[in-house]
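Everything in the sequence shown is counted per the UniProt record's numbering, starting at 1 for the first residue and increasing by one. Where a beta carbon is used, it is the ideal one built from N, C-alpha and C, also for glycine. Reading through the structure tokens given below for one structure.
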Amino acid sequence: MPQTVKGVIARAKGAEVELVDIVVPDPGPGEAVVKVESCGVCHTDLHYREGGINDDYPFLLGHEAAGTVEAVGEGVTEVAPGDFVILNWRAVCGQCRACLKGKPWYCFATHNAKQKMTLTDGTELSPALGIGAFIDKTLVAAGQCTKVDRADAAAVGLLGCGVMAGFGAAVNTGGVGRGDSIAVIGCGGVGNAAIAGARVAGATTIIAVDVDARKLEAAKTFGATHTVDSSTQDAVEAIRALTGGHGADVVVEAVGRPETYEQAFYARDLAGTVVLVGVPTPDKQVTLPMIEIFGRGGSLKSSWYGDCLPSRDFPMLVELYRQGRFDLDAFVTERIGITDVEAAFDKMHRGEVLRSVVVMGEGQ
1 MPQTVKGVIA
11 RAKGAEVELV
21 DIVVPDPGPG
31 EAVVKVESCG
41 VCHTDLHYRE
51 GGINDDYPFL
61 LGHEAAGTVE
71 AVGEGVTEVA
81 PGDFVILNWR
91 AVCGQCRACL
101 KGKPWYCFAT
111 HNAKQKMTLT
121 DGTELSPALG
131 IGAFIDKTLV
141 AAGQCTKVDR
151 ADAAAVGLLG
161 CGVMAGFGAA
171 VNTGGVGRGD
181 SIAVIGCGGV
191 GNAAIAGARV
201 AGATTIIAVD
211 VDARKLEAAK
221 TFGATHTVDS
231 STQDAVEAIR
241 ALTGGHGADV
251 VVEAVGRPET
261 YEQAFYARDL
271 AGTVVLVGVP
281 TPDKQVTLPM
291 IEIFGRGGSL
301 KSSWYGDCLP
311 SRDFPMLVEL
321 YRQGRFDLDA
331 FVTERIGITD
341 VEAAFDKMHR
351 GEVLRSVVVM
361 GEGQ
């Protein structure tokens, strides 16, 4: 039987979010219903609300989530009822040209649940990143569920988006390793995850760059060995000075703006790597001299979800967390109830939080 539960939607561009009744179908073939335990409040959810992704309103917001599988549909073998899972938005197909080349983290045909969750009047909802997890229970494709060892849902659920994106940008896409230098421009949740990932990978010079002194101070707790306040310093000159005059082996741009991308380009060593993980708006453009692109060599890369493979990376990172080697708790600024999402967006705007995390049942 379909279930009616409470969830948070964005009904129109710029409108405050609403807590409403939502109908969740029974899982069909290849689908699963997950009882959500926690869900992080991510900038991407705000982008959805503001029409920055598309205009398929109403949106069911939330996607950085962990919970327990409640039911599965026909043919599902990846997970079973009772499994503790982290939700992901790249359920690989196994059949596209990327998957067949042995690079499933680039899967070009990732999939979501076929059925739609709806309002009680039958209006179909567009779930954020194919998940929609500011809700008591959500319907997803079974491949969007990654089984992991039981851990604090509020912490490990953040692997579902921002933390994985940052960690993967440094480690998977950038390939930072032992003894390397890395600069991270933009020290929000994604940037700090890149810093933490670089520390786990053995980088010895980890430079945090931001215009906010509070964020730079926080970056030290994630592993930054040096900080650069680019509101008062030339970021490129500062990074070069901290790397023997050469530039960093890897520079992660976690802002998504032309001016910071240009900083990243010029702040890397010859044959170094630039990784763009900050999400630009469609109007942003960057112009670089072709002779500089040619003459500096190396790589200019974009990182899609940290180039992660959830089935490989989520269990590994949860284990590092359980061992005390990857501090996911540090990303959780506050735990809030489902009625506090709008206030969390405001705190995000003001730079007061790294992550607000909705804990289902909290404050209800």
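Sorted by chain position, which residues of the same chain lie with C-beta nearer than 7 Å to residue i's C-beta, five sequence neighbours on each side aside?
i, result
"Lys137", "Gln3, Val5, Val24, Val33, Val34, Lys35, Val36 and Glu70"
"Arg335", "Ala154, Val357, Val359 and Glu362"
"Ile53", "His47"
"Phe265", "Val274 and Leu288"
In the DSSP output, which residue or residues are listed as bridge partners for residue i?
i, result
"Val69", "Val34"
"Gly7", "Val20 and Ile135"
"Lys147", "Val85"
"residue 372", "The structure shown does not extend to residue 372, since the chain spans only 1 to 364, so no value can be given for it."
"Phe265", "Bridge partners of Phe265: none, in fact."
"Cys39", "Ala65 and Val358"
"residue 431", "Outside the shown range of the chain, which is 1 to 364, sits residue 431, and nothing can be said about it."
Would you call residue i buried or exposed, if buried means 16 or more other Cβ atoms sit within 10 Å of its Cβ?
i, result
"Phe331", "buried"
"Glu78", "buried"
"Lys114", "exposed"
"Leu317", "buried"
"Lys215", "buried"
"Gly75", "exposed"
"Val167", "According to the sequence provided, residue 167 is Phe. The question's Val does not apply to it. Label assigned to Phe167: buried."
"residue 366", "An answer regarding residue 366 cannot be provided, because it is not within the stretch 1 to 364 covered by the chain."
Cβ atoms of residue j and residue i: under 8 Å apart, would you say?
i, j, result
"Val211", "Ser231", "yes"
"Ser299", "Thr260", "no"
"Gly177", "Ala201", "yes"
"Thr118", "Leu129", "no"
"Ala142", "Gly67", "no"
"Ile86", "Leu159", "yes"
Is residue i helix, strand or coil when you go by DSSP?
i, result
"Leu100", "helix"
"Thr232", "coil"
"Ser302", "strand"
"Arg257", "coil"
"Ile293", "helix"
"Pro27", "coil"
"His349", "helix"
"Ala91", "coil"
"Asp210", "strand"
Spatial neighbours of residue i within its chain, please: C-beta separation below 6 Å, excluding the five flanking residues on both sides.
i, result
"Pro258", "Lys284 and Val286"
"Ser303", "Ala169, Thr173, Val275 and Val277"
"Pro282", "none"
"Pro127", "Leu60"
"Pro315", "Val148"
Within its chain, find whatever has a CB closer than 8 Å to the CB of residue i; leave out the 5 residues flanking it on each side and keep chain order.
i, result
"Ala80", "Val69 and Val72"
"Gly351", "Asp212, Arg214 and Lys215"
"Glu262", "Val286 and Leu288"
Any heavy atom of the ligand NAD closer than 7 Å to the Cβ of residue i?
i, result
"Phe222", "The ligand NAD is not among the ligands present in this structure, which contains no ligands whatsoever."
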